[in-house]
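Peer 1: Chains as they are written, first to last, in our numbering: chain V, 130 to 412; chain A, 55 to 213.
All residues carry an ideal CB built from backbone N, CA and C; glycine is no exception.
Note that the structure is predicted; figures quoted are calculated from it, not measured.
I'd like to ask some things about the structure below.
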Amino acid sequence: MSRIEEIVNIANHIPPFPKVAMQVMKMLEDPKVQPKDLAEVIQYDSAITANLLKTCNAAYFGLSRKVSSLDEALVLLGQDALKDILIASSSARFYKGGAGEGYQLEQGDLWKHSVAVAIMSKSISRHFKGVDPGAAFTAGLLHDIGKRFLSSFVASDFKKIMDRTYIDGLSFMAAEREILGMDHAELGGLILQKWDFSEEMILAVKLHHDPQALLKDPLTALVAMANTLVISLGVGVGADGLSGAMQGEGLKRFGITSLDLDRHMSNLVLEMERAEEMMGLSK
Amino acid sequence: MKVIVGISDMKIGTKPDEELVTYSLGSCIGVALWDPVAKVGALLHYMLPDSSIDTDKAVQKPFMFADTGVPRMFKEIYKHGALKERMKVYIVGGSQVMDDSGMFNIGKRNQMIIRKMFWKNNVNVTKEDVGGAVNRTITLNVGTGNVKLKISGQGEVEL
Chain V
130 MSRIEEIVNI
140 ANHIPPFPKV
150 AMQVMKMLED
160 PKVQPKDLAE
170 VIQYDSAITA
180 NLLKTCNAAY
190 FGLSRKVSSL
200 DEALVLLGQD
210 ALKDILIASS
220 SARFYKGGAG
230 EGYQLEQGDL
240 WKHSVAVAIM
250 SKSISRHFKG
260 VDPGAAFTAG
270 LLHDIGKRFL
280 SSFVASDFKK
290 IMDRTYIDGL
300 SFMAAEREIL
310 GMDHAELGGL
320 ILQKWDFSEE
330 MILAVKLHHD
340 PQALLKDPLT
350 ALVAMANTLV
360 ISLGVGVGAD
370 GLSGAMQGEG
380 LKRFGITSLD
390 LDRHMSNLVL
400 EMERAEEMMG
410 LSK
Chain A
55 MKVIVGISDM
65 KIGTKPDEEL
75 VTYSLGSCIG
85 VALWDPVAKV
95 GALLHYMLPD
105 SSIDTDKAVQ
115 KPFMFADTGV
125 PRMFKEIYKH
135 GALKERMKVY
145 IVGGSQVMDD
155 SGMFNIGKRN
165 QMIIRKMFWK
175 NNVNVTKEDV
185 GGAVNRTITL
195 NVGTGNVKLK
205 ISGQGEVEL
C-alpha cells in the first residue's frame, strides 16, 4: 500500500463520532424537545455522561449552582451550552494520550489547542453574520483532528518535513503534503465527511490553513482567523510553529480591525482559565 | 527547581537552584533579566504591546501588555537589589504568520514596542532571538545567569 493509500485508509476506518452526540444534536433541532427525552438518550454513553457532568460546572458556562445529576444539568443548561459540552465530551476521546506527538506536541497540547480554538471561534462568531456560535465552536474543536491521525506519519518523516520547512522555506503544511501526499487539514476534512458533518463544517476544517481562507465561506474564514490567533498566542503549538501564510486583508469584509484581534486575544487568556474543566477532558 | 511563567505573567527568581522557564512563545515576547552581583533573575511573558485596548485588564493582568508589564518587571527586580547598568537583558519571541496586509503582525508590534521602550530608557539588550515563524521556549538559570533557548522541533541552544 502506498503511503497516501495508508492515510486514506485511516480516514475510511476511523472510529465513528459518538452516535449519542449525533442523535442528541438532531433531537435539539426540535424546539419542543424535553430534557428527560435527552437524558434518556445521553445516559447510554457513560463517558459522555461523566464528561458532561464534569464540564457543565466550569465557570465558562456560568451556571449559578453546582450540578450533580444528568437531569439537573439538562434542565439548567441552555441548549447552546449543552451542544458545546456534548461536542467537547464526545471529541475528547480522540485526543487522549500522545495525540499530536509527531508534531512534537506534549501530552494534552493538541486538545488544549483545540479547545482554545473552539472558545476563540465562538467568541469571534459575532463578527460573522449567519454563522451559528455552536457550529463555530464545533468546527474550532475539530479543525486539527487530522493531526491526531497524521501524527505517526509526520513522526516517521519528521526530519524531511522540517528540512523542507526551515531550510527550503516551505510551509509545514506544504511539506506535509509533498512528503506524505496529504496534509492534516485535508485529512481532517475527509474525517469530518466520514462522520457526516455538514458541508460548511468540512470545508472549514479542510481550508483552515489556506492563505485565502478569509475570503471564503464565513465559517471557513472564522476558523482560519481563530486558529491564526491561537497559534500566534502559542497555545498548543508544536514543531510547525507559526509557519505558513494567512492573508489578513480578508478580515475587512467582516469589519474586523487589528484592535478587535488584540481584544479577542486578551480575552482568550481569561476565558481559558474559566474553561479549565474542559481542558482536562482528554486526560 | 523549575518555576513556570505562564502567558501574561512574570516571576522573580532569587535562589541559585531556581530555573525560570516560559514555554511556547509565538508572537508573544519573553524578556529575561539577570543581575550577576545581586544574583537575581526575572522572566516576563507578555502577549500584546499596548494596554490601552483594555484598561481593566491592564489592572487585572499587567503582565499581559508590554507597556504595563515591562516597567513593572524592572521595578520588581530593583527591589531585590538589581541595577540597570549591571543587568543582562534578553528578548526572545515575536514570531508571526506571513501576512502582507500586516493584520496579523502581532509579533512585529510586540518587538517594536520593547525596542522603543528600551531605547528611551537606555537599556541595552545583551542577546536576542526574535521574529521568524518559530515557536520558542526560554529558560533562565538564576544561579548562573545562563539562558537557554529551545526552538520547537529544532532542539535547545545556549542563547
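Any Cβ of chain V within less than 7 Å of the Cβ of Lys78 of chain A?
Peer 2: Here residue 78 of chain A refers to the residue found at position 24 of the second sequence. The residue you asked about is not Lys; residue 78 of chain A is Ser in the sequence shown. So, interface residue.
Peer 1: By DSSP, does Phe146 of chain V sit in helix, in strand, or in coil?
Peer 2: The residue given as residue 146 of chain V occupies position 17 in the first sequence. In this structure, Phe146 of chain V counts as coil in the three-state DSSP scheme.
Peer 1: Excluding the five sequence neighbours on either side, which residues of its own chain have a C-beta within less than 8 Å of the C-beta of Arg126 of chain A, listed in chain order?
Peer 2: Within the second sequence, residue 126 of chain A is the residue found at index 72, counting from 1. Here the set comprises Met64, Pro116 and Phe117.
Peer 1: Closest Cβ-Cβ distance between Gln233 of chain V and chain A: below 7 Å?
Peer 2: As a first step, residue 233 of chain V must be located in the first sequence, where it is residue number 104. Interface residue, yes.
Peer 1: Which chain D residues are close to Ile360 of chain V, counting only those with a beta carbon under 8 Å from its beta carbon?
Peer 2: The structure shown contains no chain D; the protein chains it does contain are V and A.
Peer 1: What are the residues that DSSP puts in a beta bridge with Ile205 of chain A?
Peer 2: Indexing the second sequence from 1 puts residue 205 of chain A at position 151. A:Arg190 and A:Gly209, per the DSSP bridge assignment.
Peer 1: Going along the chain, which residues of the region 181-200 of chain A sit with their C-beta nearer than 9 Å to a C-beta in chain V?
Peer 2: Flagged, chain order: Gly186, Ala187, Val188, Asn189 and Arg190.
Peer 1: Using a Cβ distance threshold of 8 Å, determine whether the region 139-155 of chain A contacts the region 187-202 of chain A, with at least three qualifying pairs required.
Peer 2: They touch, by the three-pair rule.
Peer 1: Taking 7 Å as the cut-off, decide whether the C-beta atoms of Val153 of chain V and Val170 of chain V are in contact.
Peer 2: As a working note, residue 153 of chain V is residue 24 in the first sequence. As a working note, residue 170 of chain V is residue 41 in the first sequence. Contact: yes.
Peer 1: Taking the CB atoms as reference points, tell me whether Ala120 of chain A and Val94 of chain A lie closer together than 7 Å.
Peer 2: As a first step, residue 120 of chain A must be located in the second sequence, where it is residue number 66. As a first step, residue 94 of chain A must be located in the second sequence, where it is residue number 40. Taking 7 Å as the Cβ cut-off, Ala120 of chain A and Val94 of chain A do not qualify as a contacting pair.
Peer 1: Could you name the residues of chain A that Arg392 of chain V contacts, counting a contact when the two beta carbons are closer than 7 Å?
Peer 2: Within the first sequence, numbered from 1, the residue matching residue 392 of chain V stands at position 263. Ile107 and Asp108, listed in chain order.
Peer 1: Tell me, please, whether the CB atom of Ser387 of chain V is closer than 7 Å to any CB atom in chain A?
Peer 2: To locate residue 387 of chain V, count along the first sequence from 1; it is residue 258. Cβ-Cβ to chain A under 7 Å: yes for Ser387 of chain V.
Peer 1: Identify every run of the alpha helix (DSSP H) within the region 325-410 of chain V, keeping only runs that are complete inside it and at least 4 residues long; order them along the chain.
Peer 2: The region 325-410 of chain V contains these whole alpha helix (DSSP H) runs: 328-335, 347-361, 387-403 and 405-408.
Peer 1: Does the CB of Ala355 of chain V have a neighbour CB from chain A at under 7 Å?
Peer 2: Working through the first sequence from its first residue, we reach residue 355 of chain V at position 226. False, the Cβ-Cβ gap to chain A never drops below 7 Å.
Peer 1: Closer than 9 Å, Cβ to any Cβ of chain V: which residues of the region 147-178 of chain A, in chain order?
Peer 2: Those residues of the region 147-178 of chain A that come within reach of chain V (Cβ to Cβ, closer than 9 Å) are Gly147, Ser149, Gln150, Val151, Met152, Asp153, Asp154, Ser155, Gly156, Met157, Phe158, Asn159, Ile160, Gly161 and Arg163.
Peer 1: For Phe119 of chain A, which three-state DSSP category applies?
Peer 2: As a first step, residue 119 of chain A is located in the second sequence; it is residue number 65 there, counting from the start. Correct three-state label for Phe119 of chain A: strand.
Peer 1: By the DSSP assignment, the alpha helix (DSSP H) with Asp238 of chain V in it spans what residues?
Peer 2: Indexing the first sequence from 1 puts residue 238 of chain V at position 109. Run containing Asp238 of chain V: Asp238 to Ile253, per the alpha helix (DSSP H) assignment.
Peer 1: Excluding the 5 residues flanking Glu182 of chain A on each side, which residues of the same chain have their C-beta closer than 6 Å to its C-beta?
Peer 2: For the purposes of this step, residue 182 of chain A is identified with residue 128 of the second sequence, where counting begins at 1. So the list reads Ile145, once near-sequence residues are dropped.
Peer 1: What number of angstroms, rounded off, separates the C-alpha of Thr122 of chain A from the C-alpha of Cys185 of chain V?
Peer 2: Taking the second sequence and counting its residues from 1, the one referred to as residue 122 of chain A is at position 68. Taking the first sequence and counting its residues from 1, the one referred to as residue 185 of chain V is at position 56. If you take the alpha carbons of Thr122 of chain A and Cys185 of chain V, they lie about 35 Å apart.
Peer 1: One question on the structure: do Ile360 of chain V and His256 of chain V come within less than 7 Å of each other, judged by their Cβ atoms?
Peer 2: Within the first sequence, numbered from 1, the residue matching residue 360 of chain V stands at position 231. Within the first sequence, numbered from 1, the residue matching residue 256 of chain V stands at position 127. Their beta carbons are not under 7 Å apart, which means Ile360 of chain V does not touch His256 of chain V by this criterion.
Peer 1: Among the residues of its own chain, which have a CB less than 7 Å from the CB of Gly263 of chain V, if the five just before and after it don't count?
Peer 2: Residue 263 of chain V sits at position 134 when you count from the first residue of the first sequence. Result list for Gly263 of chain V: Asp209, Lys212 and Asp213, in chain order.
Peer 1: For Gly60 of chain A, is the classification buried or exposed, using 16 other Cβ atoms within 10 angstroms of its Cβ as the cut-off for buried?
Peer 2: Counted from its first residue, the second sequence places residue 60 of chain A at position 6. The residue is exposed, with fewer than 16 neighbouring Cβ atoms inside 10 Å.
Peer 1: Over what stretch of residues does the beta strand (DSSP E) that includes Asp89 of chain A continue unbroken?
Peer 2: The count along the second sequence starts at 1 and reaches residue 89 of chain A at position 35. Ile83 to Asp89 is the extent of the beta strand (DSSP E) around Asp89 of chain A.
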